[in-house]
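The sequence shown lines up with residues 422 to 607 when you count with this note's numbering.
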Amino acid sequence: MSNIILIAWGRTDWADQNRLIGRTDLPLNDAGRAEVAALADSLAAAPPAVLTCGPEESARETAGILGKRLSLRVGRPLKDLHELHLGLWAGLTESEIEQRFTTAYEDWRNAPDAFCPPDGEPVADAAARLHRSAERAIKKHPGETVAFVVGPFAAALLRCRFESLSLDQFWSLVDARQLMHIITIT
Numbered sequence: 422m423s424n425i426i427l428i429a430w431g432r433t434d435w436a437d438q439n440r441l442i443g444r445t446d447l448p449l450n451d452a453g454r455a456e457v458a459a460l461a462d463s464l465a466a467a468p469p470a471v472l473t474c475g476p477e478e479s480a481r482e483t484a485g486i487l488g489k490r491l492s493l494r495v496g497r498p499l500k501d502l503h504e505l506h507l508g509l510w511a512g513l514t515e516s517e518i519e520q521r522f523t524t525a526y527e528d529w530r531n532a533p534d535a536f537c538p539p540d541g542e543p544v545a546d547a548a549a550r551l552h553r554s555a556e557r558a559i560k561k562h563p564g565e566t567v568a569f570v571v572g573p574f575a576a577a578l579l580r581c582r583f584e585s586l587s588l589d590q591f592w593s594l595v596d597a598r599q600l601m602h603i604i605t606i607t
């Protein structure tokens, strides 16, 4: 039995403006650094054995703060743990997407498993890619708690895969914006 900890990277200025980040490299803002520091404090009693992250700046910075505060070495960023590629939608707010791409936005909200943002990555493909990458990391550390620092969409997709949830539940997980979620794998 193993535990995995899904950690969504800390807040950025774009997140505070309700802009979708996707794979865009952005630093955490002060509020994001503070929330990650508080998260590290909550993990101090039972820290993960392994801490790894996606390649985005927000993921690396979040993992770096956690690693420093928990005295953990942060593993090399895993390129396949990157956030969902949002294509033309990166940097836009949901309301801007809804206004400019009304039908596509409705499709994305209603059936994310069958959707691909314009010039982006199909959601189902992203879910499979993320799961494969996480599974490889977990297999390297049997019986240990492995923490993954990823974007909010990636965290929701991984949660769907590891908890055998339908991708129809993707949006409820994204909208809940949990900074951390622990899953036991048997």
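The C-beta atom is built at its ideal place from N, Cα and C for all residues, glycine as well.
ask   = Skipping 5 residues on each side, what residues in its chain have a beta carbon closer than 6 Å to that of Pro538?
value = Leu507, Gly508, Trp510
query = Nearest to Arg454 by CA position, among Leu441, Asp540, Gly431, is which residue?
reply = Gly431
query = Can the beta-carbon of Ala429 be found closer than 9 Å to that of Ala576?
reply = yes
ask   = Is it the case that the Cβ atoms of Ala555 and Phe583 are separated by a distance below 9 Å?
value = yes
query = What did DSSP end up calling His602 once you bin it into helix, strand or coil?
reply = strand
request  = Pair every Cβ in the segment 489-497 with every Cβ in the segment 433-440, then say whether three or more of these pairs are closer than 8 Å.
outcome  = no
query = Nearest CA to the CA of Arg444: which residue from Asp462, Gly564, Val567, Phe574?
reply = Phe574
query = When the Cα of Ala532 is compared with those of Phe522, Arg557, Gly512, Gln590, which residue comes out closest?
reply = Gln590
ask   = Of the choices Leu441, Pro448, Ala461, whose alpha-carbon is the least far from that of Met601?
value = Ala461
inquiry  = Taking only three categories from DSSP, how would you classify Thr473?
reply    = strand
request  = Return the CA-CA distance between Pro687 and Leu502, expressed in angstroms with no decimal places.
outcome  = Any answer about residue 687 is impossible in this case: the structure gives the chain only from 422 up to 607.
query = Within 10 angstroms of its Cβ, does Ala597 collect 16 or more other Cβ (buried), or is it exposed?
reply = exposed
query = Which residue spans inside the segment 526-560 form an unbroken alpha helix (DSSP H) run of at least 4?
reply = 544-560
Under 9 Å between C-beta atoms of Ala568 and Leu472 = yes
ask   = Between which two residues does the alpha helix (DSSP H) carrying Leu578 extend?
value = 573-583
message = Let me check one thing: in DSSP terms, what residues is Asn424 bridge-paired to?
response = Thr605
message = According to DSSP, is Phe522 part of a helix, a strand, or is it coil?
response = coil
inquiry  = Classify Gly572: buried if its beta carbon has 16 or more other beta carbons within 10 angstroms, exposed otherwise.
reply    = buried
task = Can you check DSSP and say which residues form a bridge with Ala568?
result = Ile426, Leu472
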